[in-house]
Amino acid sequence: MRRLPLAAFGLVSLAALACSRAPRSPDGETRPPPASSPAPPDAFAASSVDAGASTETTALEDAGGEPPMERTPDIEYVPTPENVVDKMLEVANVKKGDVLYDLGCGDGRIVVTAAKKLGIKAYGFDLDPQRIKESKENAKSAGVEHLVTFEQKDIFDVDLSPATVVTLYLLPELNVRLIPQLEKLKPGSRIVSHDFDMEGVTYEKWWTVIAKDHQTPRDREHYVYLWKTPLRKTPPAKPPAKKK
Ligand SMILES: C[S@@+](CC[C@H](N)C(=O)[O-])C[C@H]1O[C@@H](n2cnc3c(N)ncnc32)[C@H](O)[C@@H]1O
Numbered sequence: 014m015r016r017l018p019l020a021a022f023g024l025v026s027l028a029a030l031a032c033s034r035a036p037r038s039p040d041g042e043t044r045p046p047p048a049s050s051p052a053p054p055d056a057f058a059a060s061s062v063d064a065g066a067s068t069e070t071t072a073l074e075d076a077g078g079e080p081p082m083e084r085t086p087d088i089e090y091v092p093t094p095e096n097v098v099d100k101m102l103e104v105a106n107v108k109k110g111d112v113l114y115d116l117g118c119g120d121g122r123i124v125v126t127a128a129k130k131l132g133i134k135a136y137g138f139d140l141d142p143q144r145i146k147e148s149k150e151n152a153k154s155a156g157v158e159h160l161v162t163f164e165q166k167d168i169f170d171v172d173l174s175p176a177t178v179v180t181l182y183l184l185p186e187l188n189v190r191l192i193p194q195l196e197k198l199k200p201g202s203r204i205v206s207h208d209f210d211m212e213g214v215t216y217e218k219w220w221t222v223i224a225k226d227h228q229t230p231r232d233r234e235h236y237v238y239l240w241k242t243p244l245r246k247t248p249p250a251k252p253p254a255k256k257k
């Protein structure tokens, strides 16, 4: 079946955004995009994609038994590099008894890694049936089918209350839209986001990880943000003092 080019969906390139929006350091400073920024969005042609990493959205694709896609995803599929996945699980202090939800799970790598390395139950949600199919295949290859669940579902319809760890690789504005759902997490739950902050909520800490992006030939800085529940609302900025 014909593959739709990404441009057909008017989607935003995550990797380009990651480099154009500098993260805030814990003291509120911003820093410039990393020197190793990937090429601009136009250069993100599928031709530069690493083997094994499919980055095209597959609205018309036959996803082998999964129901058709209900609507266009809010962000394109870009996988998190494996060493960034490891960092996300490490900083979230994922341990036995935790239940992890990955919102927009792509090929299921975060869910499958958490189940395989830490033996926990993990759930992945994605609108794209092709991604759900890949996730299930990856879970089978890793021998963790008994620990993981993948559901073709809009992340904004997911009840997060059973989760103790939530992982995100979305967009800053999607992170913000998730705040009402994230506020329902149990106290002590952790939220980890690859590359993007969540405006209005104060993070605990952020880290830098160097990794090759699947859409760029060079290594770049990836960012990992951690929040804990109950979420701490960022106080509004004080208005500038009036000049006398
Ligand atoms: C950047 S990828 C991240 C994949 C994976 N979490 C990772 O880090 O490797 C974002 C994923 O979110 C999915 N997505 C976008 N909007 C969605 C929505 N509203 N509901 C469910 N999935 C969505 C896309 O199909 C895509 O697979």
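Under my numbering, think of the first position of the sequence shown as 14, with each following residue one higher. All C-beta atoms, glycine included, are put in the ideal place defined by N, C-alpha and C.
Query raised in the report: With contact counted as at least three CB pairs below 8 Å, one residue from each stretch, are the region 170 to 181 and the region 146 to 161 in contact?
Result: Three or more Cβ pairs closer than 8 Å define a contact, and the region 170 to 181 falls short of that threshold against the region 146 to 161.
Query raised in the report: Tell me the DSSP bridge mates of GLU164?
Result: Walking along the sequence shown from the start, residue 164 turns up at place 151. Beta-bridge pairing links GLU164 to PHE138.
Query - Contact set for PRO193: own chain, Cβ-Cβ below 8 Å, skip 5 residues either direction - result: Indexing the sequence shown from 1 puts residue 193 at position 180. Excluding sequence positions up to five before and after PRO193, its CB lies less than 8 Å from no other CB in the same chain.
**Report entry** Length of the line joining the Cα atoms of PRO175 and ASN106
**Finding:** If you number the sequence shown from 1, residue 175 lands on position 162. If you number the sequence shown from 1, residue 106 lands on position 93. Taking the straight line joining both Cα atoms gives about 17 Å.
Requested in this report: Kindly indicate the opening and closing residues of the beta strand (DSSP E) around THR221.
Outcome: Residue mapping note: residue 221 aligns to position 208 of the sequence shown, counting from 1. Boundaries of the beta strand (DSSP E) harbouring THR221: 218 to 225, taken from the DSSP string.
Report task. Pull up the CB-CB distance for GLY137 and TYR90, whole angstroms please, since I reckon it's below 8 Å. Result -> Here residue 137 refers to the residue found at position 124 when the sequence shown is read from its first residue. Here residue 90 refers to the residue found at position 77 when the sequence shown is read from its first residue. Not a contact, Cβ separation roughly 13 Å.
Query raised in the report: With 16 as the cutoff for other CB atoms within 10 Å, does ALA254 come out buried or exposed?
Result: Your numbering for residue 254 matches position 241 in the sequence shown. That one is exposed.
Report task. Could you check what DSSP says for LYS246 in three-state terms: helix, strand or coil? Result -> Position 233 of the sequence shown holds residue 246. Per DSSP, reduced to three states, the secondary structure at LYS246 is strand.
Query raised in the report: How many Å lie between THR93 and THR126 at the Cα?
Result: To locate residue 93, count along the sequence shown from 1; it is residue 80. To locate residue 126, count along the sequence shown from 1; it is residue 113. Within the model, the alpha-carbon separation for THR93 versus THR126 is close to 12 Å.
Query raised in the report: To the nearest angstrom, how far is it from the Cα of GLN228 to the Cα of LYS256?
Result: The count along the sequence shown starts at 1 and reaches residue 228 at position 215. The count along the sequence shown starts at 1 and reaches residue 256 at position 243. Across the structure, GLN228 and LYS256 are spaced so that their CA atoms are roughly 49 Å apart.
Query raised in the report: Contact between the region 95 to 112 and the region 76 to 85: three or more CB pairs below 8 Å?
Result: Contact fails: fewer than three Cβ-Cβ distances are below 8 Å.
Query - For ASP210 and GLU196, the rounded distance between their alpha carbons - result: By one-based count along the sequence shown, residue 196 stands at place 183. By one-based count along the sequence shown, residue 210 stands at place 197. Inter-residue distance for GLU196 and ASP210 is about 16 Å (C-alpha atoms, whole angstroms).
Query raised in the report: Alpha carbon to alpha carbon, how far is VAL164 from TYR114?
Result: By 1-based counting over the sequence shown, the position of residue 164 is 151. By 1-based counting over the sequence shown, the position of residue 114 is 101. In the sequence under discussion, the amino acid at residue 164 is Glu, which differs from the Val named in the question. Per the coordinates, the alpha-carbon of GLU164 lies some 11 Å from the alpha-carbon of TYR114.
**Report entry** Alpha-carbon spacing of ILE133 relative to ALA250, whole angstroms
**Finding:** One-based indexing of the sequence shown puts residue 133 at position 120. One-based indexing of the sequence shown puts residue 250 at position 237. Whole-angstrom Cα-Cα distance: 40 Å.
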